[in-house]
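Enquirer: Residue numbers (UniProt numbering): 1 to 1205. All residues carry an ideal CB built from backbone N, CA and C; glycine is no exception.
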């Protein structure tokens, strides 16, 4: 530990050492989170009498470490007679410090004022004061009214009331809650904007950033009305703004204030912003210094992320940039603290001004003159996999958007009649597919001269990096896509890994290619695009290297995309990845519904097996002579379906075995799968709508038990249909279907209430699905897109409906929530119980992957489970229930040993949850310091051994401790992913060691308590060599492990790495948290079989995707790819799965014909992937006839592609 000097932005997470405050004691001490408090006090103090008691002031950003707080308490606060705390965000924002101050005043008898920094009283916070509530309230009134006069009288009031000095303070003087700062009237402005900023900045004269914005807008001929205000949460202020709006409406509003009008706990959406119906930009005045911003990868402090990103998103604000940073103006000799101003950063101001100008065109240009780019993501870079969009029929959705644009007067020509025709037209020109790139016509291009001119304008260090990576461009750049009048349908360019597959091993922060930058430059300067629609989760733009938030001119998302309006239809159940687009590419999310969900039901041999079991039970009582024959047929089917591998051999008690089989069939039957894909703006109809309603209504919400539970309650059945799988569950599901279809009447009071909820809330919300198109069109017209919650509708979140909203995520300060803790704790217990039963001993080591998107969706269940395994528990504050720390559970309360947990976090988790990185690291370090036996605390024993090892290797104490305690790993700062996606796709690997090398190279950055990354590949290898368990959790059934590359990259990558290092697989567990009441643990092998049987080869799922033409075939090809990738990384995909996929997708005549007609590229790719599985020894028991048929399919598909059929 060493001392560092205070900074203008206070202590930041990536700063080592502790801050020691250099102040002398004084009778009065003010500790505040607002720089404007100190600025105004500095101006007021010169107006106080010469003999006035000394005052000290300090921004609480300087007191964010326990040592700093303790030191300041001992030296300064212990001698104060009056201590004033002004906190933003409740007691949880400075919980440790508050407890220290309370202990000090209890000892010294000093008067303590604890006041909210907001303009709304917080009685819970104020109750920590030692002065009377009347006195506390009057001091708070002085501060909230603000201004120099009120601060003068506040100081006199404190001296008069608490120090008993003879001053006569005037009462708080009311200062207008809002007003117009200054206004420059332009004769013929291009547009008009409002700038909203805090009244406290106006009263303190801290307006440089606002002045810079006004100047930038004036230079662009944009008229600006800068408005200072106390708080947007005040109803009176809202009413005044609405009145002003009625006389002087702006085209766009820029808000520099923090927080949101909408609160996380609000059930009803606040309508203020909808009444204005204008886009709102969130413009950030950073609480950090410019130096911290420039040196760090994070971009913003955790406090700024919460107050200026996460909470404003709840209001539907568009996240822009940080335009100012704290700078020390002077050190005040009387207050003995730095006076800080907000210094604008000109190029960030210019970015916001350019974005504003571009956005204002949306409302000023007639639709016929607007140019729109509709961008289809494309990965892998094959012609059979264009237009990914998770859960979305992207081509059909694109066509619906094009039709809607045409009806709104946008200029479109030659609009195709069908989405398959659209895809054929798109693929007829040049694409990203390297195999056919040289053979296709080029419909548009960017000249080399134009590109080089643009390239020379980039920051020099970026130019150097691009040239070092990709060399000098030497020819024109073809632009993949299709122009239909003023609308361009483009294929998002490749990231570059396909050009050099070796980059997959060692380049997690790969710079975009020249072609990538040329594509977006062509959109801006050649096509003159007005706005971009990035259609479907997800593209690659928002994942380019650069800062996590508050991007700079050196960040590649900004270099590529610049200041264009960005509209992003995105699936509602993925708040994390959508939030990344919002924060790194100024995206307005237009969330869309999940695909229709349905029960898997039974089919083929599974249906026959169920019938045979029913027949067996009937024969027991009616015709026992038939039992032997039926038993033999059951045995044959169990073997044919490979169910014997799942459930073991048939035991002596055939009746018990049948019970187990019957339960498995019930679970398989009730599994949730997708029935086709969603089409943007379209509500499912008929049976699909009924099934979707049932899948959502089944799950309970805080105020309702759920439909099937309600039926069980009314029928007095001793069954919980959400945790049990049996014939009663099937019966309840059947009744639920009949109730929704109105075939039967409610069976009781609980059911009747559920049906009222369905009719009044759920069904109307689903019927509003056309809002998706409506609000996309409103956004393109320069209007407000309202915000909405995000999450999985089928997991107790019907509140995320209706869709079509600019979704928001969570308050990061409350994670993990108490509900998430309960789920995580139960999951940890279930995992330990299963492992112990199967292995005869407690597990010692485990690795878990934690993603940002699932953390946002379930409020931190994976984090909670990791904490529970370690034997620590989160602590929450009293009112806001924000996490303020943790407690170490005793071995006796745990009832079992602690687990040594290694965590692999995703890049988005790292960016969005720095406070949780700190929480987990602190917990790990605390557990490592416990004096407990090795069998109780293997983590502490391991840390002690490794620390001694590293010390003996010549490392210093600090480095040795870092390596010994490192348990949280992720990818390189500014990078994302796990490194296996491109490797698998390019086929550029030979063995487990290759996969392990890529995974370790991408994952070897250990993140410490300050969020600083350390490249420690050898330490990660040590962790992997000792792993017993690899765990991954899934919190909903709206997708599965064969729907995404992320599952195999993270869990598969971990498993392959352990196998490469140890020669054998670890125990691989899959946590099914889709029913939070009953989190279940399966082996990964069990989960692979379960998904294969319930979804992959289910005729119901296949029929569903076959309704979607090109994209349906795409979905099949993606499934095959993910099965193969799981096989390559885990070695857990059995031969019968490969055979079953071949028969269901490729050898079935009807299905093969469908794929051949709609997407022959996908047909070829699937056959080639299955052949690769055989060639690599992943599919061993395969006959020559099957291989010959696959090769024949490859040749036929290639012939169809070449002939253009």
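1) Of all the beta strand (DSSP E) runs that stay within the bounds of the region 809-878, which reach a length of 3 or more residues?
2) Thinking residue 814 and residue 865 are a contact (beta carbons under 8 Å), I'd like their distance in whole angstroms, please.
3) Once DSSP output is grouped into helix, strand and coil, what is the label at residue 320?
4) Go ahead and pull the three-state DSSP assignment for residue 641.
5) Starting from residue 1014, follow the beta strand (DSSP E) in both directions and report where the run begins and ends.
6) Using the beta-carbon count (16 or more within 10 Å), is residue 760 buried or exposed?
7) Note down, in chain order, each residue of its chain lying with its Cβ closer than 7 Å to the Cβ of residue 272, except the 5 sequence neighbours on either side.
8) Put residue 220 into one of helix, strand or coil per three-state DSSP.
9) Provide the residue(s) that pair with residue 597 in DSSP beta bridges, ordered along the chain.
10) To the nearest angstrom, report how far apart residue 1025 and residue 1067 are at their CA atoms.
11) Between 54, 123, 1158 and 321, which lies nearest to residue 549 when the distance is taken from Cα to Cα?
12) Using the Cα positions of residue 361 and residue 782, report the straight-line distance between them to the nearest angstrom.
13) Would you kindly report the start and end of the unbroken alpha helix (DSSP H) that includes residue 138?
14) Assign residue 378 to one of three DSSP states: helix, strand, or coil.
15) What is the DSSP secondary structure of residue 282, counted as helix, strand or coil?
16) Using the three-state DSSP reduction, which class does residue 15 fall into: helix, strand or coil?
17) Quick check: the region 621-628 against the region 559-578, are there 3 or more CB pairs under 8 Å?
18) Go ahead and pull the three-state DSSP assignment for residue 625.
19) Assuming residue 754 is part of the alpha helix (DSSP H), what are its boundary residues?
20) Mind checking who residue 484 pairs with in its DSSP beta bridge?
21) Assuming residue 178 is part of the beta strand (DSSP E), what are its boundary residues?
22) From residue 295 to residue 455, what does the alpha carbon distance come to, in whole angstroms?
23) As a quick exercise: from 927, 812, 286 and 851, pick the residue whose alpha carbon is nearest that of residue 907.
24) Work out the CA separation of residue 1112 and residue 1210 for me, nearest whole Å.
25) With DSSP run on the structure shown, which of helix, strand or coil describes residue 207?
26) So, helix, strand or coil for residue 802, using DSSP?
27) Report the rounded CA-to-CA distance for residue 20 versus residue 136, giving the unit in angstroms.
28) Hey, residue 629 and residue 612 are a contact pair by Cβ (cut 8 Å); roughly how many whole angstroms apart?
29) From 625, 60, 76 and 37, pick the residue whose C-alpha is nearest to that of residue 24; which is it?
30) Can you check whether the CB of residue 519 is closer than 8 Å to the CB of residue 488?
31) Counting C-beta neighbours from all protein chains within 10 Å, is the total for residue 10 16 or more, i.e. buried, or is it exposed?
32) Would residue 164 be called buried (16 or more neighbouring beta carbons within 10 Å of its own) or exposed?
33) So, helix, strand or coil for residue 257, using DSSP?
34) Quick one: measure Cβ to Cβ for residue 242 and residue 196, integer angstroms, because I've assumed they're closer than 8 Å.
35) So, are the CB atoms of residue 58 and residue 151 less than 8 Å apart?
36) Based on the DSSP output, what are the partners of residue 900 in its beta bridges?
Expert: With the given structure in hand:
1) Entirely contained in the region 809-878, the beta strand (DSSP E) runs reaching 3 residues are, in chain order, 845-850 and 872-876.
2) No, residue 814 and residue 865 are not in contact; Cβ-Cβ is about 17 Å, not under 8 Å.
3) Annotated three-state conformation of residue 320 is strand, per DSSP.
4) coil
5) 1013-1015
6) exposed
7) Taken in chain order, the residues that qualify are 238 and 261.
8) coil
9) 674
10) If you draw a straight line from the Cα of residue 1025 to the Cα of residue 1067, it is about 13 Å long.
11) 321
12) 8 Å
13) 133-145
14) strand
15) Collapsing the DSSP output to three states places residue 282 in a strand.
16) Bear in mind that a pLDDT of 42 at residue 15, under 50, signals an unreliable position, so the model cannot answer this.
17) Segment contact: the region 621-628 against the region 559-578, fewer than three CB-CB distances shorter than 8 Å; contact not assigned.
18) helix
19) 749-757
20) 487
21) 178-180
22) 25 Å
23) From the listed residues 927, 812, 286 and 851, the smallest Cα separation to residue 907 is found for 851.
24) The structure shown does not extend to residue 1210, since the chain is modelled only from 1 to 1205, so the question has no answer here.
25) coil
26) coil
27) In a straight line, the C-alpha of residue 20 is about 30 Å away from that of residue 136.
28) No, residue 629 and residue 612 are not in contact; Cβ-Cβ is about 10 Å, not under 8 Å.
29) 76
30) no
31) Low confidence applies here, because residue 10 scores a pLDDT of 43, under 50, leaving its location unreliable; read the following figure in that light. Buried, by the Cβ-count rule.
32) So residue 164 ends up on the exposed side.
33) Looking at residue 257 - three-state DSSP - the assignment turns out to be coil, as it is neither helix nor strand.
34) The pair is not a contact, with the Cβ atoms about 13 Å apart (cut-off 8 Å).
35) Contact flag unset, no.
36) 845
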